[in-house]
Amino acid sequence: MTDRQPGFSTLAIHAGAQPDPTTGARATPIYQTTSYVFESVDHAASLFGLQAFGNIYTRIGNPTNAVLEERVAALEGGTAALAVASGHAAQLLIMHALLTPGDEFVASKKLYGGSINQFNHSFKNFGWTVVWADPDDLQSFERAVSPKTKAIFIESIANPGGVITDIAAISQIAKRAGVPLIVDNTLATPYLCRPFEHGADIIVHSLTKFLGGHGNSIGGIIVDGGTFNWSRERRYPMLCEPRPEYNGIVLHETFGNFAFAIACRVLGLRDLGPALSPFNAFLILTGIETLPLRMQRHCDNALAVAEWLSAHPRVAWVSYPGLPGDRYHNLAKKYVPKGAGAVFTFGLEGGYDEGVKLVSNVKLFSHLANIGDTRSLIIHPASTTHKQLSDAQKVQAGAGPDVVRLSIGIEDKADIIADLEQALAG
Ligand SMILES: *Cc1c(COP(=O)(O)O)cnc(C)c1O
0 MTDRQPGFST
10 LAIHAGAQPD
20 PTTGARATPI
30 YQTTSYVFES
40 VDHAASLFGL
50 QAFGNIYTRI
60 GNPTNAVLEE
70 RVAALEGGTA
80 ALAVASGHAA
90 QLLIMHALLT
100 PGDEFVASKK
110 LYGGSINQFN
120 HSFKNFGWTV
130 VWADPDDLQS
140 FERAVSPKTK
150 AIFIESIANP
160 GGVITDIAAI
170 SQIAKRAGVP
180 LIVDNTLATP
190 YLCRPFEHGA
200 DIIVHSLTKF
210 LGGHGNSIGG
220 IIVDGGTFNW
230 SRERRYPMLC
240 EPRPEYNGIV
250 LHETFGNFAF
260 AIACRVLGLR
270 DLGPALSPFN
280 AFLILTGIET
290 LPLRMQRHCD
300 NALAVAEWLS
310 AHPRVAWVSY
320 PGLPGDRYHN
330 LAKKYVPKGA
340 GAVFTFGLEG
350 GYDEGVKLVS
360 NVKLFSHLAN
370 IGDTRSLIIH
380 PASTTHKQLS
390 DAQKVQAGAG
400 PDVVRLSIGI
410 EDKADIIADL
420 EQALAG
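When we follow numbering that gives the first Met the number 0, the leftmost residue of the sequence shown carries the number 0, and every step to the right adds one.
So this is what it looks like as structure tokens:
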């Protein structure tokens, strides 16, 4: 071996993994155990005091999950990561480490609908207030920042409308405010976009989508960029004040550029408890091995379908940043040059009834509420996920009566297009 830096595809297969030292197993084993035998009383004491790294109990860490954590940290270019039970659990643990009751955070209002609900409603019970800003109006982020602001949260490619967010510009606003920028990189994955290179401090993923990639496991991950100076800001008690339960250590002083990942593990995951099953970690790791191949195919297929739909007489509009005329095309060239992802929306001339007919007529596409599967997926938000909203609210959420969302899979693109063709004709 030379000391050259491995490329992305090599890291996707090898980062974090070694043959099992006991058995020689080449694939990462599923360590299906709750707990781990201590070498001695002193060993146990040093593990509990955070003086040594090691396994105690699978709620706090597991060797299969550790390989997944190292791998995603390597792919994103971060210092450390923490895998948890879902994308939403990851978001909760991030905010739990950063905010105390009465604090605020600023978030893009173009986010995954589940995140909008989590921020608006459940986070209220923790005393955390979201202040919404518009990614198409950078000044609105500036205006939303107050002395109580502790973080800014955006998505790289926003679900579902194909909004590309200007990460570098918003990172400048975060730096001026002295708060970390959190980027949900679920739709892009590190294959398409590496937010740390554009000024993000923390990355979060739903592993459920393209990273796992096969529609079989829920998971989430937090990646620490190691870039934020917690001690300088001193506004983050979890990281900057002595921890009584760990002999008074200050996490940022002890763990330096991976203190944030440690805080999420030894405080958030330990006490809130959303641990990832090692079986899910194994499936997601297997998925990640083919991430570069799958993402390129997803993007190539999505562009072909978007072009085909743009020329279809029953289609009113297509919102895909990979198309040259799209309003986000220039941002896409900067942030996602290899492809604009596989999730996008389009509008039908016939409105609501036509949308219902389309999702009823498809055969290859699956009509369901998920994205990032090998299979092509379709949903008509107005008659499903957004049915409870008023018409005005639907339009505001990008889920008007004519809107259809696709997550393009990695089947043969001719088959994907043929299915849409017969469903639109039917
Ligand atoms: C699905 C999704 C989430 C939530 O992840 P879960 O694994 O379903 O909890 C968060 N952000 C984005 C962009 C998503 O697509």
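Beta carbons: idealized from backbone N, C-alpha and C, even for Gly. Fair warning: this is a prediction, and the values are worked out from it, not measured in the lab.
Tell me whether residue i sits in a helix, a strand or coil according to DSSP, three-state version.
i, result
"Lys147", "coil"
"Thr63", "helix"
"Tyr56", "strand"
"Ser34", "strand"
"Arg326", "coil"
"Asp418", "helix"
"Ser365", "strand"
"Ala398", "coil"
"Ile29", "coil"
"Ser107", "strand"
"Ser216", "coil"
"Asp270", "helix"
"Ala258", "helix"
"Leu250", "helix"
"Leu275", "coil"
"Asp135", "coil"
Which residues in the same chain have their Cβ closer than 6 Å to the Cβ of residue i, if we skip the five residues on either side of it in sequence?
i, result
"Ala315", "Gly346, Glu348"
"Tyr245", "Leu49"
"Ala143", "Val105, Val130, Ala132"
"Arg374", "Ser365, Gly408"
Going by alpha carbons, who is nearest to residue i out of the options?
i, options, result
"Asp352", "Ala339, Asp401, Asp390, Gly267", "Asp401"
"Val66", "Gly15, Pro100, Val105", "Gly15"
"Thr27", "Tyr35, Arg175, Pro18", "Pro18"
"Ala199", "Gln171, Asp2, Gly399", "Gln171"
"Thr33", "Thr289, Ala43, Ala11, Asn61", "Asn61"
"Ser365", "Leu376, Leu357, Ser359, Gly371", "Leu376"
"Ala381", "Gly399, Pro243, Leu266", "Gly399"
"Asp183", "Tyr190, His204, Leu191", "His204"
"Ala90", "Tyr56, Cys263, Thr99, Ala132", "Here residue 90 is Gln; the residue named in the question, Ala, does not match the sequence. If we check each option's Cα against that of Gln90, Cys263 comes out closest."
"Phe254", "Arg269, Asp270, Met237", "Met237"
"Gly268", "Ala80, His42, Gln31, Ala24", "The question names Gly, but residue 268 in the sequence shown is Leu. When each option's Cα is compared against that of Leu268, the closest is Ala80."
"Phe140", "Ala173, Ala11, Met294, Leu419", "Ala173"
"Gly177", "Glu196, Tyr235, Gly214", "Tyr235"
"Gly350", "Gly219, Glu306, Val403", "Val403"
"Asp414", "Gln138, Val304, Asp390", "Val304"
Using the Cα positions of residue i and residue j, report the straight-line distance between them to the nearest angstrom.
i, j, result
"Val105", "Val129", "6 Å"
"Ile283", "Gly340", "19 Å"
"Ala72", "Leu423", "43 Å"
"Gln117", "Asn256", "28 Å"
"Leu74", "Pro189", "6 Å"
"Pro100", "Pro312", "53 Å"
"Glu410", "Thr207", "19 Å"
"Gln421", "Asn300", "18 Å"
"Ala44", "Gly126", "35 Å"
"Arg233", "Gly212", "39 Å"
"His385", "Lys393", "7 Å"
"Arg3", "Thr9", "12 Å"
"Leu92", "Ala168", "26 Å"
"Thr383", "Leu405", "14 Å"
"Gly247", "Glu240", "8 Å"
"Ile12", "Ile287", "7 Å"
"Arg25", "Gly77", "25 Å"
"Leu322", "Asp102", "40 Å"
"Asn119", "Phe209", "26 Å"
Within a Cβ cutoff of 7 Å, which residues of the same chain sit near residue i, ignoring the five residues on either side of it in sequence?
i, result
"Asn64", "Ala82, Leu275, Pro277, Ala280"
"Gly272", "Arg58"
"Gly160", "Lys109, Ser318, Thr344, Gly397"
"Leu266", "Ala96, Met237"
"Ala187", "Ser155, Ile156, Val335, Gly340"
How far does the alpha helix (DSSP H) with residue i in it extend, from its first residue to its last?
i, result
"Trp229", "229-232"
"Leu46", "40-47"
"Ala11", "7-13"
"Leu302", "290-309"
"Gly358", "As written in the sequence, residue 358 is Val, which differs from the Gly given in the question. Per DSSP, Val358 belongs to the alpha helix (DSSP H) from 350-360."
"Ala168", "166-176"
"Ser114", "112-119"
"Leu238", "236-239"
Tell me which residue opens and which closes the beta strand (DSSP E) that residue i is part of.
i, result
"Leu347", "342-347"
"Ala199", "Segment: none, Ala199 is in no beta strand (DSSP E) and carries neither H nor E."
"Leu92", "Looking at the DSSP string, Leu92 is not in any beta strand (DSSP E); the run it does join, the alpha helix (DSSP H), is 86-97."
"Ala132", "128-132"
"Ile377", "376-378"
"Leu191", "Per DSSP, Leu191 belongs to no beta strand (DSSP E); it is in the alpha helix (DSSP H), 188-191."
"Ser382", "Unbroken run through Ser382: none, as it is neither H nor E."
"Ser318", "314-318"
Does the beta carbon of residue i sit closer than 8 Å to a beta carbon anywhere in chain B?
i, result
"Val203", "Within the model displayed, chain B is absent; a lone protein chain is all it includes."
Near residue i, what residues of its chain come up, given a Cβ to Cβ distance below 8 Å and the 5 sequence neighbours on each side ignored?
i, result
"Leu330", "Ile163, Thr164, Asp165, Pro320"
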